[in-house]
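All letters in the sequence shown, in the order written, are residues 19 to 509 by the working numbering.
Think of the CB as a built atom: it goes at the ideal place given N, C-alpha and C, for glycine as much as any other residue.
None of these values were measured; they are calculated from a predicted model.
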Amino acid sequence: MDIENTLELNELMIQRREKLNIFKEMNINPYSEKYPVSHYASDIEEQFEEMEGQQVSLAGRIMAVRTHGKASFSDLMDMSGKTQLYVRIDEVGEENYNFFSELDIGDIIGVEGEVFKTRRGQISIKVTSFQFLSKSLRPLPEKWHGLRDKELRYRQRYIDLIVNPEVRKTFIVRSKIIRNIRRFLEEKGFLEVETPMMHPVPGGASARPFITHHNALDIDLYLRIAPELYLKRLIVGGFEKVFELNRNFRNEGMSYKHNPEFTMLELYQAQSDYYDMMELTEELISGIAKDVLGTMKITYQDKEIDLSPPWKRYSMLEAVREFTGLDFDNIKNAEEARDAARELGMEIDDNSSQGEVLNEVFEEKVEEKLVQPIFILDYPIEVSPLAKKKEDNPEFTYRFEAFICSREMANAFTELNDPLDQKERFEEQVKQRARGDQEAQMMDEDYVRALEYGMPPTGGLGIGIDRVVMLLTDSPSIRDVILFPTMRPEK
19 MDIENTLELN ELMIQRREKL NIFKEMNINP YSEKYPVSHY ASDIEEQFEE MEGQQVSLAG
79 RIMAVRTHGK ASFSDLMDMS GKTQLYVRID EVGEENYNFF SELDIGDIIG VEGEVFKTRR
139 GQISIKVTSF QFLSKSLRPL PEKWHGLRDK ELRYRQRYID LIVNPEVRKT FIVRSKIIRN
199 IRRFLEEKGF LEVETPMMHP VPGGASARPF ITHHNALDID LYLRIAPELY LKRLIVGGFE
259 KVFELNRNFR NEGMSYKHNP EFTMLELYQA QSDYYDMMEL TEELISGIAK DVLGTMKITY
319 QDKEIDLSPP WKRYSMLEAV REFTGLDFDN IKNAEEARDA ARELGMEIDD NSSQGEVLNE
379 VFEEKVEEKL VQPIFILDYP IEVSPLAKKK EDNPEFTYRF EAFICSREMA NAFTELNDPL
439 DQKERFEEQV KQRARGDQEA QMMDEDYVRA LEYGMPPTGG LGIGIDRVVM LLTDSPSIRD
499 VILFPTMRPE K
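So this is what it looks like as structure tokens:
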């Protein structure tokens, strides 16, 4: 903001504070008690024929004022939208009318009046009385350009919600999506549970955790990177269908598709496998689109996307072969795999295994080409320490990821329930961590102990809620769908 605009803002703030003091001198409470509300703005608009001539009371924020001598028009905004107020001096009295004329855009008032339609056909409320509820001491962004600075929008979301109706709509849709997910799973017999946010051992994903310290116990704890290992403990305990819809925390970089604090759905179902999880994923995401948007065919960033089941299914080997021409079935060892990837122009670590190279080729050369919904199946064992090995090819696992618009939307396994195999996988992860991989998982002895009591065959699924909301609201950045995204502190 330049100096001239800063000075203008300061002057406007001074004027508003002066009005505040004047109101107090007039014994007008600038921060009043609650106001009885009978209707919302959307009610007036949607039910006008039934409500015409009725007395109603609303409360909201003044967004515009147009004065014409002894009558004024004003736009009042509440959570549901806007409605027009018509205030006449002979209706409210000269003193009240003059006071109304002194109100600023952004002030909050309660009004009572009659629903009617103006000569120009505008649905309005003819105000008979009003009450001052809250004084706005800062002017809102000018109406002709609103709040467009993205950094400021994310940092001061409260202003963003006031002046940008499309932003409010995004978060209303988000709420509907989450409500639909819960209903969908509860109807299928899943039990919603809550597991710890602070873990003595971080696990369930390959990610760097945030570390905190518990003073009374004098131990370090980790904000959870995933609830997976606790949810599977519940499967061991006999809860055969569980889900958790909550926050995860990962100490990683930020981008248009990553925020350190994000919302995940994780669910686990006994006597199921990753094929069942594929069907559940298709049904859940396409069903949400149908329920919330009324269609399974959507547009995301100018791309037409059809969410209708069934979605395509490719193994990772098939996807890499189709999109790069590289056939890992014909590659005999890790050295050949590294050389083949380098011929594609990739930088590959000299210690990367054949499975790790395959995964890197997929991520760098294939993911961006997966626009329509697709399941990529059978990930290498090296990058899937919690998934069961494939019986016909133990170098791979019963794992899939779902991609839409080149983004991972879901991750699922036929869960590894062999405690001896799981311990060996953890031990390999510990070795990788010792070699400097800060995202490798730690040994969780208690989780292995839980598996030793026996976990039934289980399918597990994780879905990134923020990315689903991005998709269904046509939002280009994850920050557009998180009310208060992580931000660098203000200077």
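Straight-line gap, residue i to residue j (C-alpha atoms, nearest Å)
| i | j | result |
| --- | --- | --- |
| Trp162 | Gly139 | For Trp162, the pLDDT reaches just 41, beneath the cut-off of 50, and the residue's location in the model is therefore unreliable, leaving the point undetermined. |
| Arg197 | Thr85 | 43 Å |
| Asp97 | Glu386 | It should be noted that the sequence gives Met, not Asp, for residue 97. Using only the alpha carbons, I get a separation of about 38 Å. |
| Arg171 | Pro494 | 15 Å |
| Ile328 | Ile500 | One point to set straight first is that residue 328 is Pro, not Ile, in the sequence displayed. Each residue's alpha carbon lies about 30 Å from the other. |
| Leu469 | Pro475 | 11 Å |
| Met460 | Gln447 | 7 Å |
| Leu395 | Tyr332 | 6 Å |
| Ser147 | Asp324 | 52 Å |
| Ser371 | Ile229 | 30 Å |
| Lys259 | Leu209 | 6 Å |
| Arg251 | Gly305 | 29 Å |
| Val401 | Leu76 | 57 Å |
| Phe117 | Ala89 | 13 Å |
| Glu67 | Arg79 | 25 Å |
| Phe502 | Gly87 | 43 Å |
| Gln149 | Val55 | 12 Å |
| Leu241 | Glu457 | 14 Å |
| Met69 | Asp61 | 9 Å |
| Met81 | Phe134 | 20 Å |
| Asn411 | Leu235 | 46 Å |
| Asn28 | Ile303 | 49 Å |
| Lys407 | Leu335 | 16 Å |
| Ala223 | Tyr176 | 34 Å |
| Glu132 | Leu121 | 21 Å |
Environment of residue i [buried if 16+ CB atoms lie within 10 Å]
| i | result |
| --- | --- |
| Met44 | exposed |
| Asp125 | buried |
| Glu433 | buried |
| Gly71 | exposed |
| Asp455 | exposed |
| Gly478 | buried |
| Asn348 | exposed |
| Tyr274 | exposed |
| Asp178 | buried |
| Ile496 | buried |
| Ala430 | buried |
| Ser290 | buried |
| Asp462 | buried |
| Ala452 | exposed |
According to DSSP, residues forming a beta bridge with residue i
| i | result |
| --- | --- |
| Ile80 | Leu94 |
| Tyr49 | Ser152 |
| Lys407 | Thr415 |
| Arg75 | The displayed chain sequence assigns Ser, not Arg, to residue 75. BP columns for Ser75 point to Glu130. |
| Arg356 | Its beta-bridge partners do not exist; DSSP assigns none. |
| Phe202 | Answer is none; Phe202 lacks a bridge partner. |
| Ile510 | Nothing can be reported for residue 510: it is not among the residues displayed for the chain, which extend from 19 to 509. |
| Glu433 | Ala405 |
| Asp238 | His231 |
**Request:** Report yes or no: do three or more beta-carbon pairs, one from the stretch 410-421 and one from the stretch 308-316, lie closer than 8 Å?
**Result:** no
**Message:** If contact is defined by three or more beta carbon pairs under 8 Å, each pair taking one atom from either stretch, is the stretch 283-301 in contact with the stretch 245-260?
**Reply:** yes
**Message:** Does the structure place the stretch 31-45 close enough to the stretch 147-157 that three or more beta carbon pairs sit under 8 Å?
**Reply:** yes
**Item:** Contact the stretch 358-367 vs the stretch 265-284: 3+ CB pairs below 8 Å
**Value:** no
**Message:** Pairs of beta-carbons, one from the stretch 337-350 and one from the stretch 304-312, closer than 8 Å: are there three or more?
**Reply:** no
**Request:** Report yes or no: do three or more beta-carbon pairs, one from the stretch 354-362 and one from the stretch 294-302, lie closer than 8 Å?
**Result:** no
**Message:** Would the stretch 49-60 count as touching the stretch 105-115 if we require 3 or more Cβ pairs under 8 Å?
**Reply:** no
**Message:** Taking contact to mean 3 or more Cβ pairs, one atom from each stretch, closer than 8 Å, check whether the stretch 180-196 and the stretch 480-494 are in contact.
**Reply:** yes
**Prompt:** Which residue spans inside the stretch 304-370 form an unbroken beta strand (DSSP E) run of at least 3?
**Reply:** 315-318, 321-324 and 330-333
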